[in-house]
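In what follows, a single structure is set out as structure tokens and then discussed.
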Amino acid sequence: MSYVLEVRNLRKTYVRGGDMFDEGRKAERFVAVDDVSFEVAPGETFAIVGESGSGKTTLARMILRLIEPDSGALLFEERDLLRLTGEELRAQRRQMQMIFQDPFASLNPRMRVGEIVAEPLAIHHPRCAAAEREERAKKMLERVGLDSSALTRYPHEFSGGQRQRIGIARALILRPKLVVADEPVSALDVSVGAQVLLLLQELQREFHLTYLLISHSLPVVAQLATHIGVMRSGQLIEYGPSNLILQRPSHAYTRELLAAVPEIPRARQV
Amino acid sequence: MNALLELEELTVQLPTPAGWVKPVNGISLEIARGEALGLVGESGSGKTMLSLSLMGLLPAGARVSGQAKISSANGNATLLSSLKEDEWRRVRGSEIAMIFQEPMTSLNPVMRIGEQIEEAILAHEPNLRKDLLHRRLLNAMEHASIPEPEVRLQQFPHQLSGGLRQRAMIAMALAPRPKLLIADEPTTALDVTVQQQILALLDRLRRELELSLLFITHDLGVVAQVADRIAVMYAGRIVEWGSAEKVLTSPQHPYTQGLLAASPTLERKALTPIPGVVPQLTHLPPGCAFAPRCGFRRDKCDEGVPEFRGPEPDHGARCILL
Numbered sequence: 301m302s303y304v305l306e307v308r309n310l311r312k313t314y315v316r317g318g319d320m321f322d323e324g325r326k327a328e329r330f331v332a333v334d335d336v337s338f339e340v341a342p343g344e345t346f347a348i349v350g351e352s353g354s355g356k357t358t359l360a361r362m363i364l365r366l367i368e369p370d371s372g373a374l375l376f377e378e379r380d381l382l383r384l385t386g387e388e389l390r391a392q393r394r395q396m397q398m399i400f401q402d403p404f405a406s407l408n409p410r411m412r413v414g415e416i417v418a419e420p421l422a423i424h425h426p427r428c429a430a431a432e433r434e435e436r437a438k439k440m441l442e443r444v445g446l447d448s449s450a451l452t453r454y455p456h457e458f459s460g461g462q463r464q465r466i467g468i469a470r471a472l473i474l475r476p477k478l479v480v481a482d483e484p485v486s487a488l489d490v491s492v493g494a495q496v497l498l499l500l501q502e503l504q505r506e507f508h509l510t511y512l513l514i515s516h517s518l519p520v521v522a523q524l525a526t527h528i529g530v531m532r533s534g535q536l537i538e539y540g541p542s543n544l545i546l547q548r549p550s551h552a553y554t555r556e557l558l559a560a561v562p563e564i565p566r567a568r569q570v
Numbered sequence: 269m270n271a272l273l274e275l276e277e278l279t280v281q282l283p284t285p286a287g288w289v290k291p292v293n294g295i296s297l298e299i300a301r302g303e304a305l306g307l308v309g310e311s312g313s314g315k316t317m318l319s320l321s322l323m324g325l326l327p328a329g330a331r332v333s334g335q336a337k338i339s340s341a342n343g344n345a346t347l348l349s350s351l352k353e354d355e356w357r358r359v360r361g362s363e364i365a366m367i368f369q370e371p372m373t374s375l376n377p378v379m380r381i382g383e384q385i386e387e388a389i390l391a392h393e394p395n396l397r398k399d400l401l402h403r404r405l406l407n408a409m410e411h412a413s414i415p416e417p418e419v420r421l422q423q424f425p426h427q428l429s430g431g432l433r434q435r436a437m438i439a440m441a442l443a444p445r446p447k448l449l450i451a452d453e454p455t456t457a458l459d460v461t462v463q464q465q466i467l468a469l470l471d472r473l474r475r476e477l478e479l480s481l482l483f484i485t486h487d488l489g490v491v492a493q494v495a496d497r498i499a500v501m502y503a504g505r506i507v508e509w510g511s512a513e514k515v516l517t518s519p520q521h522p523y524t525q526g527l528l529a530a531s532p533t534l535e536r537k538a539l540t541p542i543p544g545v546v547p548q549l550t551h552l553p554p555g556c557a558f559a560p561r562c563g564f565r566r567d568k569c570d571e572g573v574p575e576f577r578g579p580e581p582d583h584g585a586r587c588i589l590l
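Here it is as structure tokens:
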């Protein structure tokens, strides 16, 4: 089987500490992502879970090539992502889009929603006419549950959940194969978060998307993921099919994480 | 019930360009000594404004009506709802204290942890002897289970982890020995393993110090861990209240049922979102505020705000279907 994404021995270190005025205080190297390998097949949702400082966000950024790894390999449909430059890299980026955590920070407040959603088309398909861009933005907004009046309004006129829908429309307008979703519902209220989770599930089926989900919340991950990888201190300590990780985790830390999730008592049937 | 805090029809009004709104609308509740009440609500429910009204920290121009009363150890009661600013100083911190979601924004970044806790004590007991002050400081840090207190009190907030910062906030809040602690989403910004430790700490303090807890959260899993009783708020009103067990396992109000159905759990389930969004306080529906999003809506829902009705005397909801 061919994978959408293969991550091979990915590694990233940062320099931490040190004092430019004091040679006695030496900087030390800090391993943010330590020899991480996994693969994601088409249509899967691979969730990376971990607590703060586990390296999950650094890993996601390397996969999108927003930061460069120190070593390792990244294959997207068997093409070596790290060797791509210029036009080839741009072409590849169309296939990989991102949904951000904070829908308040990730949308340009001075752009109309129609422009925000159509902007990726303007960048990647400059020959696509303005009228067609607008038409496609309108269709995509409708698909995520916003009517065409949204096109001419500004982000501040929308609620958190609606803004997250706008972010999703922007991510999907280029019809990517892989979508990296970084904490897509953690800034939203419970009732609205559930709307967004369901929308992500529907869109995955409809557009044959592969998801890489980054989250600290095991309950959220349990709803979406087909596969789960658990990160701690830069290392992927365990990964496998969701059922296995959630019901029969083999690593002590995974068991600790699962045990710490505050559970809602089971409802009596009404 | 030996009530520490009693609210009766407490209402907070705020001026907006579109007229007065009521983020807190006729709230009646009681918290006993040593009891933990979980106040559950989403953004815009009024839960934070309610807690600010109990601390005398409402925005300028706010109007308060109804009654909020806290009893003191000597049997006297203080009427919070009619305190003047200088009288609030006596109550705030020493009777009622509050901890917040993000300790980093509540701690002074350029002041050592020890000094900040001392400052909280001195605000209420300015003439405390130095050796007693130090003992009270260490005592507060011990209550909050801060390891190596003598080292930590010399440190600045940025040198502490998120969990330790929240412990420092708890030490600061408890140092003047309040009877009621308001905790506004105190674990939302923390990792799940650290959250577990903080919840266990609050539970222990409640038992050891007979501290009453008003725990504000949107997370039904968290509230299940800490609360004896739960009040669910929606658009400024309590729509359901009862023991934590009853509210969570046999919810009566369609909003509570909706929240439970929309909450992800470790077991994969078909999540059922609540359609629509929370109404604007400037455009509240005429009757039940949840009616526009409710699957059981009927004409009668718009005829006025439903009174509390319950399956049992200690469990009730504002819904005409009951």
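Those protein sequences? They're chains A and B, same order as listed.
Counting from 1 along the first sequence, just add 300 to a position and that's the residue number in this note's numbering.
Counting from 1 along the second sequence, just add 268 to a position and that's the residue number in this note's numbering.
Glycine residues also receive a C-beta, built at the ideal position from the N, C-alpha and C atoms.
*Could you give the distance in angstroms between the alpha-carbon of Ala559 of chain A and the alpha-carbon of Val507 of chain B?*
Here residue 559 of chain A refers to the residue found at position 259 when the first sequence is read from its first residue. Here residue 507 of chain B refers to the residue found at position 239 when the second sequence is read from its first residue. If you take the alpha carbons of Ala559 of chain A and Val507 of chain B, they lie about 31 Å apart.
_Is the beta carbon of Gln401 of chain A closer than 8 Å to that of Ala487 of chain A?_
Mapped onto the first sequence, residue 487 of chain A falls at position 187. Mapped onto the first sequence, residue 401 of chain A falls at position 101. Less than 8 Å separates the beta-carbon of Ala487 of chain A from that of Gln401 of chain A.
_Let me check understanding here. Comparing Cα to Cα, which of A:Pro549, A:Leu509, A:Leu498 and A:Gln462 lies closest to Ile473 of chain A?_
Here residue 473 of chain A corresponds to residue number 173 of the first sequence, with the count starting at 1. The option with the nearest alpha carbon to Ile473 of chain A is A:Leu509.
*asked:* Any beta carbon of chain A sitting closer than 8 Å to that of Pro539 of chain B?
replied: Sequence index remark: in the second sequence, residue 539 of chain B carries index 271 (1-based). The sequence given here places Leu at residue 539 of chain B; Pro does not occur at that position. At least one chain A Cβ lies under 8 Å of Leu539 of chain B.
*Residues of chain B with a CB under 8 Å from the CB of Gly461 of chain A: which are they?*
The count along the first sequence starts at 1 and reaches residue 461 of chain A at position 161. At a C-beta separation below 8 Å, Gly461 of chain A has these neighbours in chain B: Val545.
_Please classify Asn270 of chain B as buried or exposed, where buried requires at least 16 neighbouring CB atoms within 10 angstroms._
One-based indexing of the second sequence puts residue 270 of chain B at position 2. Flag for Asn270 of chain B reads exposed.
_Among A:Arg433, A:Glu442, A:Leu518 and A:Asn543, the one whose alpha carbon lies nearest that of Glu556 of chain A_ = The residue labelled residue 556 of chain A in the question sits at position 256 within the first sequence. Of the candidates A:Arg433, A:Glu442, A:Leu518 and A:Asn543, the one whose C-alpha sits nearest the C-alpha of Glu556 of chain A is A:Leu518.
*Are Ile528 of chain A and Tyr539 of chain A touching if we call contact CB-CB under 8 Å?*
Indexing the first sequence from 1 puts residue 528 of chain A at position 228. Indexing the first sequence from 1 puts residue 539 of chain A at position 239. Result yes, Cβ atoms of Ile528 of chain A and Tyr539 of chain A sit closer than 8 Å.
*Which runs of the beta strand (DSSP E) spanning at least 3 residues fall entirely within the region 322–366 of chain A, listed in chain order?*
Runs found: 327–340 and 345–349.
*Name the DSSP beta bridge partners of Phe483 of chain B, please?*
Against the second sequence, residue 483 of chain B aligns to sequence position 215. Beta-bridge annotation (DSSP): Phe483 of chain B is paired with B:Gly306 and B:Ala451.
_Only counting the same chain, and skipping five residues up and downstream in sequence, which positions put a Cβ closer than 6 Å to that of Arg433 of chain A?_
By one-based count along the first sequence, residue 433 of chain A stands at place 133. Excluding sequence neighbours, Arg433 of chain A sits near Ala418 and Leu421.
_Is there a Cβ of chain A sitting closer than 8 Å to that of Ala585 of chain B, yes or no?_
Counting from 1 along the second sequence, the entry for residue 585 of chain B is found at position 317. Not closer than 8 Å to any Cβ of chain A, the Cβ of Ala585 of chain B fails to qualify, so no.
*Anything in chain A within Cβ reach of Ser311 of chain B, meaning under 7 Å, just list it in chain order.*
Working through the second sequence from its first residue, we reach residue 311 of chain B at position 43. Residues of chain A passing the Cβ test: Asp489.
*Quick one: list the residues of chain B neighbouring Arg566 of chain A, beta-carbon separation under 8 Å, in chain order.*
On the first sequence, residue 566 of chain A is found 266 positions in, with the first residue counted as 1. Going along chain B in sequence order, the residues near Arg566 of chain A (Cβ under 8 Å) are Thr517.
*Since Ala468 of chain B and Leu442 of chain B are thought to touch, with beta carbons under 8 Å apart, how far apart are those beta carbons, to the nearest angstrom?*
In the second sequence, residue 468 of chain B corresponds to position 200, counting from 1. In the second sequence, residue 442 of chain B corresponds to position 174, counting from 1. Going by Cβ atoms, the distance from Ala468 of chain B to Leu442 of chain B rounds to 16 Å, so no, they are not a contact pair.
*asked:* With a threshold of 8 Å between beta carbons, is Gly489 of chain B in contact with chain A?
replied: Mapped onto the second sequence, residue 489 of chain B falls at position 221. For Gly489 of chain B, the answer is yes, since a Cβ of chain A falls inside 8 Å of its Cβ.
*Pairwise C-alpha distance: Ile348 of chain A and Lys398 of chain B*: Counted from its first residue, the second sequence places residue 398 of chain B at position 130. Counted from its first residue, the first sequence places residue 348 of chain A at position 48. Roughly 51 Å separates the two Cα atoms.
_Any beta carbon of chain E sitting closer than 8 Å to that of Glu351 of chain A?_
Absence of chain E from the displayed structure is noted, the protein chains being A and B.
_Could you check whether the Cβ of Val315 of chain A sits closer than 8 Å to any Cβ belonging to chain B?_
For the purposes of this step, residue 315 of chain A is taken as the residue at position 15 of the first sequence. So, not an interface residue.
_Ignoring anything shorter than 3 residues, give me the beta strand (DSSP E) runs that lie fully in the region 508–558 of chain A, in order along the chain._
Those beta strand (DSSP E) runs which fall completely within the region 508–558 of chain A and span 3+ residues are 510–515, 527–532 and 535–541.
_Mapping the DSSP letters down to three states, classify Pro283 of chain B as helix, strand or coil._
Walking along the second sequence from the start, residue 283 of chain B turns up at place 15. Pro283 of chain B: strand per DSSP, three-state reduction.
*Report the rounded CA-to-CA distance for Pro285 of chain B versus Gly563 of chain B, giving the unit in angstroms.*
As a position in the second sequence, residue 285 of chain B is number 17, starting the count at 1. As a position in the second sequence, residue 563 of chain B is number 295, starting the count at 1. Between Pro285 of chain B and Gly563 of chain B, the C-alpha separation is close to 33 Å.
_Could you check whether the region 491–499 of chain A touches the region 531–544 of chain B, counting it as contact only if at least three pairs of C-beta atoms, one from each stretch, sit closer than 8 Å?_
Flag = yes, the region 491–499 of chain A and the region 531–544 of chain B touch.
*Considering only residues of the same chain and omitting the five flanking positions on each side of Ile466 of chain A, which have a CB-CB separation below 8 Å?*
Stepping through the first sequence from its first residue, residue 466 of chain A is reached at position 166. The answer, listed in chain order, is Pro403, Leu407, Val413, Ile416, Val417, Leu441, Val444, Leu446, Ala450, Pro455 and Phe458.
*Burial state of Gln569 of chain A (16 or more Cβ within 10 Å)*: Working through the first sequence from its first residue, we reach residue 569 of chain A at position 269. Residue placement at Gln569 of chain A is flagged as unreliable, the pLDDT there being 46, under the threshold of 50; the coordinate-derived value follows with that caveat. That one is exposed.
*What's the call for Arg436 of chain A, buried or exposed, on a 16-neighbour Cβ count within 10 Å?*
Indexing the first sequence from 1 puts residue 436 of chain A at position 136. Flag for Arg436 of chain A reads buried.
*Name, please, each residue of chain A whose Cβ falls closer than 8 Å to the Cβ of Gly504 of chain B.*
Taking the second sequence and counting its residues from 1, one reaches residue 504 of chain B at position 236. Neighbours of Gly504 of chain B in chain A, taken as residues at a C-beta separation under 8 Å, are lacking, since the least C-beta distance is about 16 Å.
*Going by DSSP, which residues form a beta bridge with Trp509 of chain B?*
Counting from one through the second sequence, the residue named residue 509 of chain B turns up at place 241. Answer is B:Ala499 and B:Gly584.
*Glu393 of chain B touches chain A at which residues, Cβ-Cβ below 9 Å?*
In the second sequence, counting from the first residue as 1, residue 393 of chain B sits at position 125. Those do not exist, as Glu393 of chain B stays about 37 Å from chain A at its closest Cβ, beyond 9 Å.
*Unbroken beta strand (DSSP E) runs of length 3 or more, entirely within the region 317–364 of chain B: which are they?*
Taking only runs of at least 3 residues, the beta strand (DSSP E) segments lying wholly in the region 317–364 of chain B are 331–339 and 345–347.
_Quick check: is the beta carbon of Val570 of chain A nearer than 8 Å to any beta carbon in chain B?_
For the purposes of this step, residue 570 of chain A is taken as the residue at position 270 of the first sequence. Residue placement at Val570 of chain A is poorly supported in this model, since its pLDDT is 44, which falls under 50; the coordinates are not used for a value here.
*Thinking just about the alpha-carbon of each residue, which of A:Leu375, A:Phe507, A:Arg394 and A:Phe321 is nearest to the one in Ser302 of chain A?*
Here residue 302 of chain A is taken as the residue at index 2 of the first sequence, counted from 1. Minimum Cα distance to Ser302 of chain A is reached at A:Leu375.
*asked:* Rounding to the nearest angstrom, what Cα-Cα distance links Gln397 of chain A and Ser311 of chain B in this structure?
replied: As a working note, residue 397 of chain A is residue 97 in the first sequence. As a working note, residue 311 of chain B is residue 43 in the second sequence. For the pair Gln397 of chain A and Ser311 of chain B, the Cα-to-Cα distance works out to about 29 Å.
_Beta carbon of Val460 of chain B nearer than 8 Å to that of Gly430 of chain B_ = Working through the second sequence from its first residue, we reach residue 460 of chain B at position 192. Working through the second sequence from its first residue, we reach residue 430 of chain B at position 162. The Cβ-Cβ distance between Val460 of chain B and Gly430 of chain B does not fall below 8 Å.
_Is there a C-beta anywhere in chain B that falls below 8 Å from the one on His551 of chain A?_
The sequence position of residue 551 of chain A within the first sequence is 251, counting from 1. By this cut-off, His551 of chain A is not an interface position.
*Reference Gly526 of chain B, options A:Ser354, A:Lys438 and A:Asp489, closest by Cα*: As a working note, residue 526 of chain B is residue 258 in the second sequence. Looking at the Cα atoms, A:Asp489 is the closest of the given residues.
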